[in-house]
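Chains E and F, in that order, give the protein sequences.
According to this note's numbering, the residues represented by the first sequence are 1 to 281, in order.
According to this note's numbering, the residues represented by the second sequence are 1001 to 1337, in order.
Every residue, glycine too, gets a C-beta built ideally from N, C-alpha and C.
On a predicted model such as this, the values are computed, not experimentally measured, just so you know.
As structure tokens, the structure follows; a few thoughts come after it.
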Amino acid sequence: MLIALLRDYLKRRPVDTILTLSGTAIVALIVVMALAAPLIAPYDPYVSVDEALLPPSPKHLMGTDNLGRDVFSRVVYGSQIILVVVLTSTLTSMAIGAVLGLVSGYFGGTLDRAISVIMDSIYAFPGLILAIAFAAMLGPGVMNTMISISVVYIPTYFRMVRGQVLSVKSKLYVEAARALGASHGRIMIKYVLPNVLPVLPVVFSMNVADAVLTEAALSFLGVGVPAPTPDWGFDLKNGQRNLLAGYWWASTFPGIFIVILALGFSLLGEGLNELVNPSRR
Amino acid sequence: MTSLRAFIVTRLLLTIPMVLTLLTLVFIIMRVLPGDPVSAVIGMKASPEHIERIRRELGLDKPLWAQYVDYLSNLLRGDLGRSMIWGRRRVVDEIWDRFPATLELSIAGFAVSVAIGLLTGTKAAVEQGKGSDVALRIASIVAYAMFIPLLGMLLQLVFGVYLRLFPVAGRKSPIIDVPKITGFYLVDSLIAGNISGVVDALWHLALPSITLGIVLSGIYTRLVRASMLDVLEEDFIRALRARGIPEDSVLYKHALKNAFIPILTMMGLQFALLLAGAVLTETTFSWPGIGTFLVERIEYRDYTTVQGTIVFYALLVSFVSLVVDILYAYIDPRIRY
């Protein structure tokens, strides 16, 4: 069934299908890496296991960092923290943004106008700088990083869901349901929400791609996940001081994985978007 | 013209709630969120009397509503307070010293991204569906997923460390002396007629602006491609071709000009991304702009400066979105409502 569907897609829209598949593969590989980290990583990521700044070799696939820790092991363990932070915060934004959008769009009036102004203002503000402000005041930590990131993406979901609600609200079947005496809650969940759901995976995965970069940026700037937790953004920063002396591996590898993960989710979102609502070309 | 004036007035009025919301948001972040700013600033070791004195100095001993009123009235007077460290300079002056560096980098990065976007977008539109179109599409996705510090470091490594072609940090060489007129090294060197200053400024600007430009170019590639495809279907393009106008002229002179309006709308939205990108570019290249400044002062827990800098960002974003909307209405009269 799935294979037949895939073959059909591959024939009609080969590029989009391949993009979606490669995005899925990248994300799946990194999720497996996070889950099986203790099995994959050859060394303890927290302690010094060899001399500092050894170049990549069979013994240390990605070399060692300035404290003699194995870069490959830190990269493998680093996938855990970024996935947890990014998925938790994006899901939180989605839940809060969707509920606000649903309520605001459905009831309209002053409440809707007030929430919309707030959401539009947050949306217009540079997301990273907002996250930096939150993270700086809350202090470093995993929980605080999640809060800072989720605030940034609430408006994205709010705007999307509210827009959908407005376009569905006046449809005949919603009016019919209301005429039959259905409650507000029932109408929202049964008739409005299903119209919003199909777009969510696309927005979600584009959003996660963005959140990956935001998480990495917060750690890179020193306001994210604190040391010594293996974290790609932090390790990239940590390796920068030795980069100019030619020790490129300690920073480059964690950095490449940030981009690979963000790319995985972007490809997934991009491909899905074209498959779910194909553009004219 | 009255309608343009009416539009500007409406748009100005709409800016007020936006600015107020953002300022309130900054207030909430700085004052209401858990975590006492003062003990965060001076650390746990300080004596209770010392902490009390600073709290009073900053007005943090007053009730929240009174703090909010103080905060807004100080802002109205253009007062962002004084830094808590190093000579306690006025935050406004500190920001004003560094803003030209950020603006210089942003403008250069923006120019690079639009140039890349125009070239690749037109190419993709002309070769629609071919291999190069697909390749450019993938390249634009990669650009979107690129992490600015990584790209910056790779460029530093290749062009700075190995090839030794470009400097990896800062805005100018120590030996170059540029008079301070506008704060933009490029402009100041030009005014002073200092050719080596101009070259030096451009030479330092190269890697940071290319980094920022590449990362932001992805969106323009797609936008130019989409709007070029739309324009190329229009009758006037067919008419031009029928008259035997050379294809290059049709594409780059006539089509591109018309494809420009959607790109202009995007610029307003892109400004927020440009500012966020500049923070990362600046910190990667030790570029002495507001981004580096903000991160540095967060590290030193210079509470008033951090608050002032974020307020500055909020005002800047509101101002730019206002200007872009007005420009847009001026260029495309259909937008005035």
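Residue i, enclosing alpha helix (DSSP H) - first and last residue
i: residue 1173 of chain F; result: Counting along the chain, residue 1173 of chain F falls outside any alpha helix (DSSP H), and DSSP gives it neither H nor E.
i: residue 159 of chain E; result: 142-169
i: residue 1332 of chain F; result: Segment: none, residue 1332 of chain F is in no alpha helix (DSSP H) and carries neither H nor E.
i: residue 1268 of chain F; result: 1260-1284
i: residue 204 of chain E; result: 200-220
i: residue 232 of chain E; result: 232-243
i: residue 175 of chain E; result: 172-179
i: residue 1070 of chain F; result: 1064-1076
i: residue 194 of chain E; result: 193-196
i: residue 1153 of chain F; result: 1148-1155
i: residue 1292 of chain F; result: 1290-1299
i: residue 286 of chain E; result: No information on residue 286 of chain E is available, as it lies outside the stretch 1 to 281 that chain E covers here.
i: residue 38 of chain E; result: 37-40
As assigned by DSSP and simplified to three states, the class of residue i
i: residue 1102 of chain F; result: helix
i: residue 64 of chain E; result: strand
i: residue 1137 of chain F; result: helix
i: residue 70 of chain E; result: strand
i: residue 13 of chain E; result: coil
i: residue 1090 of chain F; result: strand
i: residue 8 of chain E; result: helix
i: residue 1082 of chain F; result: strand
i: residue 121 of chain E; result: helix
i: residue 1096 of chain F; result: helix
i: residue 1183 of chain F; result: coil
i: residue 1057 of chain F; result: helix
i: residue 1245 of chain F; result: coil
i: residue 1313 of chain F; result: helix
i: residue 1108 of chain F; result: helix
i: residue 270 of chain E; result: helix
i: residue 280 of chain E; result: The predicted model places residue 280 of chain E with a pLDDT of 48, which falls under 50 and marks its position as unreliable; any figure quoted below should be read in that light. Note: residue 280 of chain E maps to coil in three-state DSSP.
i: residue 1234 of chain F; result: coil
i: residue 88 of chain E; result: helix
i: residue 1128 of chain F; result: coil
i: residue 1016 of chain F; result: helix
i: residue 1003 of chain F; result: helix
Candidates the options, of which the one nearest residue i by Cα
i: residue 61 of chain E; options: E:47, E:48, E:42, E:88; result: E:42
i: residue 201 of chain E; options: E:56, E:50, E:276; result: E:276
i: residue 219 of chain E; options: E:11, E:232, E:209, E:54; result: E:232
i: residue 259 of chain E; options: F:1215, F:1185, F:1102; result: F:1215
i: residue 1183 of chain F; options: F:1134, F:1223, F:1152, F:1103; result: F:1103
i: residue 68 of chain E; options: E:77, E:89, E:55, E:4; result: E:55
i: residue 239 of chain E; options: F:1223, F:1149, F:1332; result: F:1149
i: residue 1107 of chain F; options: F:1151, F:1158, F:1012, F:1267; result: F:1267
i: residue 80 of chain E; options: E:272, E:102, E:191, E:45; result: E:45
i: residue 1318 of chain F; options: F:1019, F:1011, F:1005; result: F:1019
i: residue 58 of chain E; options: E:159, E:140, E:70; result: E:70
i: residue 1201 of chain F; options: F:1170, F:1275, F:1313; result: F:1170
i: residue 1030 of chain F; options: F:1302, F:1320, F:1327; result: F:1302
Residue i classed as buried or exposed, judged by whether at least 16 other C-beta atoms fall within 10 angstroms
i: residue 1071 of chain F; result: buried
i: residue 1063 of chain F; result: exposed
i: residue 1073 of chain F; result: exposed
i: residue 257 of chain E; result: buried
i: residue 1137 of chain F; result: buried
i: residue 248 of chain E; result: buried
i: residue 1308 of chain F; result: buried
i: residue 194 of chain E; result: exposed
i: residue 1282 of chain F; result: buried
i: residue 1168 of chain F; result: buried
i: residue 1297 of chain F; result: buried
i: residue 1233 of chain F; result: exposed
i: residue 1066 of chain F; result: exposed
Cross-chain neighbours of residue i in chain A, by beta carbon under 7 Å
i: residue 1267 of chain F; result: Note that chain A does not occur in the displayed structure, where the protein chains are E and F.
Subject >> Inter-stretch contact (C-beta, 8 Å, three-pair minimum) for the region 1120-1138 of chain F and the region 1225-1232 of chain F >> reply: With the cut-off at 8 Å, the region 1120-1138 of chain F and the region 1225-1232 of chain F touch.
Original post:
Taking three-plus beta-carbon pairs below 8 Å as touching, is the region 1161-1176 of chain F in contact with the region 1243-1257 of chain F?
Top reply: Touching, no.
Subject >> Validate contact between the region 1083-1102 of chain F and the region 1190-1198 of chain F using beta carbons, cut 8 Å, 3 pairs >> reply: Look at the beta carbons and you see the region 1083-1102 of chain F not touching the region 1190-1198 of chain F: under three pairs across the two are nearer than 8 Å.
**OP:** Decide if the region 176-192 of chain E is in contact with the region 112-130 of chain E; the criterion is three or more beta carbon pairs, one per stretch, under 8 Å apart.
**Re:** Output reads no: the region 112-130 of chain E does not touch the region 176-192 of chain E.
Original post:
Three or more beta-carbon pairs under 8 Å between the region 85-97 of chain E and the region 1235-1245 of chain F, yes or no?
Top reply: Three or more Cβ pairs closer than 8 Å define a contact, and the region 85-97 of chain E falls short of that threshold against the region 1235-1245 of chain F.
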